[in-house]
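Shown next, in structure tokens, is the structure this report addresses.
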Amino acid sequence: MTPDAEIQTALPALASGNVAVITGGASGIGLAAAKRLAAMGMKIVLADIAGARLDEARHAVAAIAGDSAVLAVATDVSKADELDRLAERTSGT
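In the working numbering, the protein residues as written are 786 to 878.
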């Protein structure tokens with residue numbers, strides 16, 4: 786088995802029930818990763834500075850994982866206080 790195939794086989798088992806915090810989660814690669822990880826059974830915390838797009842992204846991921854498995858937190862990762870708030874909100878997930 787190739788290393789890539791081993792990862793593809795093991796990842797769903799490792800992902801199930803865990804939490805992924807995805808910055809830049811409202812679009813692009815971040816949103817794609819969130820959808821993929823949600824499909825594998827992970828709870829998802831989406832963090833992004835773009836509030837309106839963040840809500841749309843939350844709905845898209847919730848369609849895969851269910852509402853209770855997705856949390857969206859508007860966050861500017863360049864600000865320490867907002868990262869602290871993100872960590873606080875995530876700790877209960």
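Glycine included, each C-beta is placed from N, C-alpha and C at the ideal position.
Taking Cβ to Cβ, would you say residue i is nearer than 8 Å to residue j?
i           : j           : result
residue 842 : residue 857 : yes
residue 839 : residue 807 : no
Going by DSSP, name the residue or residues bridged to residue i.
i           : result
residue 856 : 830
residue 808 : 832
Check each candidate in the options and name the one with the smallest Cα separation from residue i.
i           : options            : result
residue 852 : 811, 862, 829, 873 : 829
residue 804 : 813, 822, 811      : 822
residue 844 : 820, 862, 814, 867 : 820
Compute the beta-carbon to beta-carbon distance between residue i and residue j, rounded to the nearest angstrom, for a pair I have assumed lies under 8 Å.
i           : j           : result
residue 865 : residue 855 : Not confirmed; about 25 Å, so no contact.
residue 859 : residue 833 : 7 Å
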